[in-house]
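Student: Questions regarding the structure given below will be posed in turn.
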Amino acid sequence: MPQTKIAPPEPRRWLMFAILLVGAFLPPLDFFIVNVALPSIQQSLGTASSAEQLIISSYAALYAVTLITGGRLGDIYGRMRMFFLGLVGFAVASLICGVAESPWVLIAGRSLQGVTAAVMAPQALASAQAIFPESEKPLALSLYGAVFGLASVAGQALGGILISLDLMGLGWRAIFLVNLPIALLVILIAIPVVRETRAQQTSKLDLGGTVLSMATLGALIVPLIEGREAGWPLWAWLSLAAVPLLGWLFWRYEARLHQAQGAPLLDPVALRTPGLGRALLVALTFYAIGVFFLLFSMYLQGALHTSPLNAGLIFLPFGAGFLLGPLSTPQFRRFLGAYVNPVGMGLEVLGFVLLAWLVAHTPMAVTPPEQPLAVILFLIGFGQGLALPTLMRMITGRVAPAYSGMIAGIASSTLQISTSLSVAIIGGIFYTLLGTDTDAAALTHAFTVSILCIAACLALGAGLSLSLARQPAAQLQTAARRPVE
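Using the working numbering, the letters of the sequence shown map in sequence onto residues 818 to 1302.
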C-alpha cells in the first residue's frame, strides 16, 4: 500500500498565526471596551436606554449568528483572504462608529462590526488546526487562549485610558478609531509574508444552510440578549419556541444536501465524529461565567458602594490569571495530559464556591478582605485560562483539517451562546431573587446564590470533560484524520 506523503510544515506558520491572532483579539476587545464608554456615549449622543442596549446587543447578536458562516468561508475561499476581508470591513465599521453623530448610525456601525468580526475571528483557530503539526498545536492554542485573557483586561483598561486622555478631543470616539491604525499596520506587515490556506476540496458556500443557520441562531440569541431588558415580551417567547423547528429544518436541509453530494455548511459526517457532541456541551457550559462580570460589578457598586474605578481594579487578578493560565497549559499537559480541561474547570468551581463563602461570611456592606478576594479571583481566571486551549483542542482536534473553519465557527458560536444563556438564565435567577429590593442584604444574597449556580454549571462541564479525557488517544487521532467525504 503506498504511503501518503505528509507535507512539510509551513515555514512562516508562527508569523502567520501571530497576524491572525489580531483577528481573535479585536472582537472581544471591542466588546469589553464599549461597556466603559457607554456613559460618555449617552452624554454625547443623548442615547436612550434602549439604544444603549442595542449598541452592545447588535454587535453581540450578529457576531454570534455569523461565526459559523465566517469559519466556513475561510475553508472555501481561503483563511487569509477572509481574514483580510474581515479586517478591512471591521476597520470601515469602526470608522462609521467613530464618526457617528446619531445613536442609529452608531448602532449600524456596531452591527457591521459584529458581522465583519465573525468573518475575521474564526480564521486563527481554523489555521491553528491546519498549519501546525500535532507537536505545536498545544502551544498555538495556548497563545490563542491567552489572547482572550489579554483582550478582557485590555478592553476594560484601554477604554478608560483613551476616554480620560481625550486625544485630539475625540473622547469616546477614540475607542473605535484606534482600530484603524491597528488594521493598517497589520495589512502592511502581513501581505508580503502570508500564504493562503484552505480546504483541499473547495466548493461554493451553502447559501440555503447559511440562511437557515442564521435564522436558527438568531431566534435563539436575540431573545436571550434582549428578552430580559424588554420584560420578556411575547415575541421573545415565540422566537425561542421556533428554535427547535428551525434547527430541525436546518439539519434536514444539510443532510439532504450531503446525500446529494453537495457541500453543506455543517457537514453531517464531521458532526458525527465520536465525542464531538459532548465536547460542544462542555463549551456550552464553559462561559456560564459570562454573567459573573455584570453581577460582581452590581454587588461591588450596589451593595458595597465601590467606585467604578476601584471596581474595575478589583477585576485585575482575574485578568492576570486568565492571561497566565493559557501560557501554563503546555506545562500542565506534561503531567495531566488530557485532564487539563477538567482540572481547569474544577479550579473555577472551587474559586466560585470559595467566593460565595467569603461573601456570605463578610459583614454586610463591607468589602471582603482584599488578599483572599484577589487570590480567589486569580484562581477563577487561571482555571478559565488553563481550560480554554484544551477545550478548543478537544473540539477542533476531532475533525479533519478540511473542516477547520467550520468547526472553529461552531466552537466560537457555541461559546457565544453559552454567554447569552448565562446572562439570560443565571441573570434571571439573580433579578428574581433581588425582586424590588436594592439594599445590601438583598444584593448580597442574590449574588451569592447566582455564583453558586455558575459553579454548578462549570461542575457539569468539568464532569463531561472528564469523560472525554478518558477517551483513548488513538480514537481521537483517528477521528481527526478522517478524510473528507
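In this text, a Cβ means the ideal position worked out from N, Cα and C, and glycines have one as well.
All of these numbers come straight from a predicted model, not from anything done at the bench.
Taking the alpha-carbon positions, what's the residue 1239 to residue 1191 distance?
Tutor: Counting from one through the sequence shown, the residue named residue 1239 turns up at place 422. Counting from one through the sequence shown, the residue named residue 1191 turns up at place 374. Using only the alpha carbons, I get a separation of about 23 angstroms.
Student: Could you check the C-alpha separation between residue 1143 and residue 1151 for me, to the nearest Å?
Tutor: Indexing the sequence shown from 1 puts residue 1143 at position 326. Indexing the sequence shown from 1 puts residue 1151 at position 334. The straight-line gap separating the alpha-carbon atoms of residue 1143 and residue 1151 is approximately 14 angstroms.
Student: Can you check which of these residues, 1136, 1101, 1196, is closest to residue 1231 by C-alpha distance?
Tutor: Taking the first residue of the sequence shown as position 1, residue 1231 is located at position 414. Closest by alpha carbon: 1101.
Student: Kindly indicate which three-state DSSP category residue 1095 falls into: helix, strand or coil?
Tutor: Position 278 of the sequence shown, counting from 1, holds the residue named residue 1095. Helix.
Student: Does the region 1026-1041 come close enough to the region 1071-1091 that 3 or more CB-CB pairs lie under 8 angstroms?
Tutor: yes
Student: Between 1112, 883, 873, which has its C-alpha nearest residue 1223's C-alpha?
Tutor: On the sequence shown, position 406 is the one that residue 1223 refers to. The shortest C-alpha separation from residue 1223 is found at 883.
Student: Check residue 951 in the structure and name its three-state DSSP category.
Tutor: As a working note, residue 951 is residue 134 in the sequence shown. Reduced to three states, the DSSP call for residue 951 is coil.
Student: At least one CB of chain D closer than 7 angstroms to the CB of residue 1223: is that the case?
Tutor: Reference to chain D is not applicable here, since this structure consists of a single protein chain.
Student: Note the first and the last residue of the continuous alpha helix (DSSP H) segment covering residue 1028.
Tutor: What you label residue 1028 is simply residue 211 of the sequence shown in a count that begins at 1. 1024-1043 is the extent of the alpha helix (DSSP H) around residue 1028.
Student: Could you compute how far the alpha carbon of residue 1155 sits from the alpha carbon of residue 1207?
Tutor: Along the sequence shown, one-based indexing puts residue 1155 at 338. Along the sequence shown, one-based indexing puts residue 1207 at 390. Taking the straight line joining both Cα atoms gives about 8 angstroms.
Student: For residue 1076, which three-state DSSP category applies?
Tutor: By 1-based counting over the sequence shown, the position of residue 1076 is 259. When secondary structure is reduced to three states using DSSP, residue 1076 falls in the helix class.
Student: Express the C-alpha separation of residue 1008 and residue 929 in angstroms, rounding to a whole number.
Tutor: For the purposes of this step, residue 929 is identified with residue 112 of the sequence shown, where counting begins at 1. For the purposes of this step, residue 1008 is identified with residue 191 of the sequence shown, where counting begins at 1. In a straight line, the C-alpha of residue 929 is about 24 angstroms away from that of residue 1008.
Student: What first and last residue would you give for the alpha helix (DSSP H) that runs through residue 1236?
Tutor: Here residue 1236 refers to the residue found at position 419 when the sequence shown is read from its first residue. Per DSSP, residue 1236 belongs to the alpha helix (DSSP H) from 1221-1238.
Student: For residue 1166, I'd like the list of residues in its chain whose CB is within less than 6 angstroms of its CB, leaving aside the five on either flank, ordered along the chain.
Tutor: Sequence index remark: in the sequence shown, residue 1166 carries index 349 (1-based). Non-local C-beta neighbours of residue 1166 in its own chain, meaning closer than 6 angstroms and more than five positions away in sequence, comprise 1272, 1275, 1276, ordered along the chain.
Student: Given a threshold of 16 other Cβ atoms within 10 Å of its Cβ, counted over all protein chains shown, does residue 951 qualify as buried or as exposed?
Tutor: In the sequence shown, the residue the question calls residue 951 occupies position 134. Result: exposed.
Student: Roughly how far, in whole angstroms, is the beta-carbon of residue 922 from the beta-carbon of residue 899, given that I think they are within contact range, below 8 angstroms?
Tutor: Counted from its first residue, the sequence shown places residue 922 at position 105. Counted from its first residue, the sequence shown places residue 899 at position 82. For residue 922 against residue 899, the beta-carbon gap comes to about 26 angstroms, at or over 8 angstroms, which does not count as contact.
Student: Measure the alpha-carbon distance for residue 1036 versus residue 1043 and round it to whole angstroms.
Tutor: As a working note, residue 1036 is residue 219 in the sequence shown. As a working note, residue 1043 is residue 226 in the sequence shown. Their backbone Cα atoms lie some 11 angstroms apart in a straight line.
Student: Among residues of its own chain, excluding the 5 on either side of residue 1289, which ones have a beta-carbon nearer than 8 angstroms to its beta-carbon?
Tutor: What you label residue 1289 is simply residue 472 of the sequence shown in a count that begins at 1. Because the pLDDT at residue 1289 is just 48, under 50, the model does not fix this residue reliably, and the value given afterwards should be weighed accordingly. The beta carbon of residue 1289 sits closer than 8 angstroms to no other beta carbon from its chain once the five residues preceding and following it are set aside.
Student: Can you grab the Cα-Cα spacing for the pair residue 1099 / residue 1034, in whole Å?
Tutor: By one-based count along the sequence shown, residue 1099 stands at place 282. By one-based count along the sequence shown, residue 1034 stands at place 217. Going by the C-alpha atoms only, they are around 19 angstroms apart.
Student: For residue 1082, collect the residues of the same chain with a Cβ closer than 8 angstroms to its Cβ; drop the 5 residues on either side in sequence, then sort them by chain order.
Tutor: Residue numbering aside, residue 1082 sits at position 265 when the sequence shown is read from its first letter. Answer for residue 1082: 885, 886, 889, 1022, 1023, 1026, 1027, 1030, 1071, 1223, listed in chain order.
Student: Indicate whether residue 938 and residue 958 have their beta-carbon atoms separated by less than 7 angstroms.
Tutor: Translated into the one-based positions of the sequence shown, residue 938 becomes position 121. Translated into the one-based positions of the sequence shown, residue 958 becomes position 141. In this structure, residue 958 does not lie closer than 7 angstroms to residue 938 by Cβ.
Student: Taking the alpha helix (DSSP H) that residue 998 belongs to, which residues open and close that run?
Tutor: To locate residue 998, count along the sequence shown from 1; it is residue 181. Run containing residue 998: 996-1007, per the alpha helix (DSSP H) assignment.
Student: Are the beta-carbon atoms of residue 1162 and residue 1228 separated by less than 7 angstroms?
Tutor: On the sequence shown, position 345 is the one that residue 1162 refers to. On the sequence shown, position 411 is the one that residue 1228 refers to. No, they are not a contact pair.
Student: Does residue 1261 pass the burial test, meaning 16 or more other C-beta atoms within 10 Å, or should it be called exposed?
Tutor: In the sequence shown, the residue the question calls residue 1261 occupies position 444. Label assigned to residue 1261: buried.
Student: Need the endpoints of the alpha helix (DSSP H) that residue 933 sits in, please.
Tutor: Taking the sequence shown and counting its residues from 1, one reaches residue 933 at position 116. Looking at the DSSP string, the run of the alpha helix (DSSP H) that includes residue 933 is 920-937.
Student: Alpha carbon to alpha carbon, how far is residue 1226 from residue 1213?
Tutor: Start at 1 with the first residue of the sequence shown, and residue 1226 comes out as number 409. Start at 1 with the first residue of the sequence shown, and residue 1213 comes out as number 396. Inter-residue distance for residue 1226 and residue 1213 is about 10 angstroms (C-alpha atoms, whole angstroms).
Student: Pull up the CB-CB distance for residue 972 and residue 848, whole angstroms please, since I reckon it's below 8 angstroms.
Tutor: For the purposes of this step, residue 972 is taken as residue 155 along the sequence shown, with counting starting at 1. For the purposes of this step, residue 848 is taken as residue 31 along the sequence shown, with counting starting at 1. So it is a contact: roughly 7 angstroms between Cβ atoms.
Student: Hey, how far is the Cα of residue 1282 from the Cα of residue 1158?
Tutor: Here residue 1282 refers to the residue found at position 465 of the sequence shown. Here residue 1158 refers to the residue found at position 341 of the sequence shown. In a straight line, the C-alpha of residue 1282 is about 7 angstroms away from that of residue 1158.
Student: On the three-state DSSP scale, how would you describe residue 1187?
Tutor: As a working mapping, residue 1187 is identified with position 370 in the sequence shown. Residue 1187: helix per DSSP, three-state reduction.
Student: Helix, strand or coil for residue 882, going by three-state DSSP, please let me know.
Tutor: Counting from 1 along the sequence shown, the entry for residue 882 is found at position 65. Reduced to three states, the DSSP call for residue 882 is helix.
Student: Given this structure, state the Cα-to-Cα distance separating residue 1109 from residue 1268, to the nearest angstrom.
Tutor: Residue 1109 sits at position 292 when you count from the first residue of the sequence shown. Residue 1268 sits at position 451 when you count from the first residue of the sequence shown. Those two C-alpha atoms are separated by around 7 angstroms.
Student: Return the residue from the list 934, 833, 1047 that minimises the CA-CA distance to residue 842.
Tutor: Residue mapping note: residue 842 aligns to position 25 of the sequence shown, counting from 1. Residue 934 is the option with its Cα nearest to residue 842.
Student: In or out: residue 920 buried (at least 16 other Cβ within 10 Å) or exposed?
Tutor: The sequence position of residue 920 within the sequence shown is 103, counting from 1. By the Cβ-count criterion, residue 920 is buried, with 16 or more other Cβ atoms from all chains shown falling within 10 Å of its own Cβ.
Student: How many Å lie between residue 1245 and residue 1195 at the Cα?
Tutor: Residue numbering aside, residue 1245 sits at position 428 when the sequence shown is read from its first letter. Residue numbering aside, residue 1195 sits at position 378 when the sequence shown is read from its first letter. Rounded to the nearest angstrom, the two C-alpha atoms are 26 angstroms apart.
Student: How many angstroms separate the CA atom of residue 846 from the CA atom of residue 924?
Tutor: Here residue 846 is taken as the residue at index 29 of the sequence shown, counted from 1. Here residue 924 is taken as the residue at index 107 of the sequence shown, counted from 1. Their backbone Cα atoms lie some 17 angstroms apart in a straight line.
Student: Apart from the five residues just before and just after residue 871, which ones in its own chain have a Cβ nearer than 7 angstroms to its Cβ?
Tutor: Working through the sequence shown from its first residue, we reach residue 871 at position 54. Once the five neighbours on either side are set aside, the close Cβ partners of residue 871 are 924.
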